[in-house]
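K.L.:
Please find one structure pasted underneath; my questions will follow.
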Amino acid sequence: MTGKGHILVVDDDPEIRELLALFLREHGFEVDVAADGAAMFLHLQAGEPDLIVLDLMLPGEDGLSLCRRLAAGYTM
439 MTGKGHILVV DDDPEIRELL ALFLREHGFE VDVAADGAAM FLHLQAGEPD
489 LIVLDLMLPG EDGLSLCRRL AAGYTM
């Protein structure tokens, strides 16, 4: 890890996802990306990030629903 923290960016738009990841990496963060909720939960199984940047309008399960699942006590 780089020392600043680990961020998971969840967004279905590849341009936004990659631009945000690039910006965060340039500022010293370790960044993983996911295009939807299913990919997000796969990343969470591999390790818990310090922060999740979550798009609200995702295909399938929307970001607000995913956030509620996390707040309700999702465990790795």
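For what it's worth, the working numbering labels the leading residue of the sequence shown as 439, then goes sequentially.
A virtual CB, placed ideally from N, CA and C, is assigned to each residue, including glycine.
Ignoring anything shorter than 3 residues, give me the beta strand (DSSP E) runs that lie fully in the region 461–504, in order along the chain.
P.N.:
Qualifying beta strand (DSSP E) stretches, in chain order: 468–472 and 489–492.
K.L.:
What is the rounded straight-line gap between the Cα of LEU504 and the Cα of HIS444?
P.N.:
Their backbone Cα atoms lie some 19 Å apart in a straight line.
K.L.:
By how many angstroms is the C-alpha of ILE490 removed from the C-alpha of VAL471?
P.N.:
Their backbone Cα atoms lie some 10 Å apart in a straight line.
K.L.:
Please name the residue in ARG506, GLN483 and ASP488 whose C-alpha comes closest to that of LEU494.
P.N.:
The candidate whose alpha carbon is nearest that of LEU494 is ARG506.
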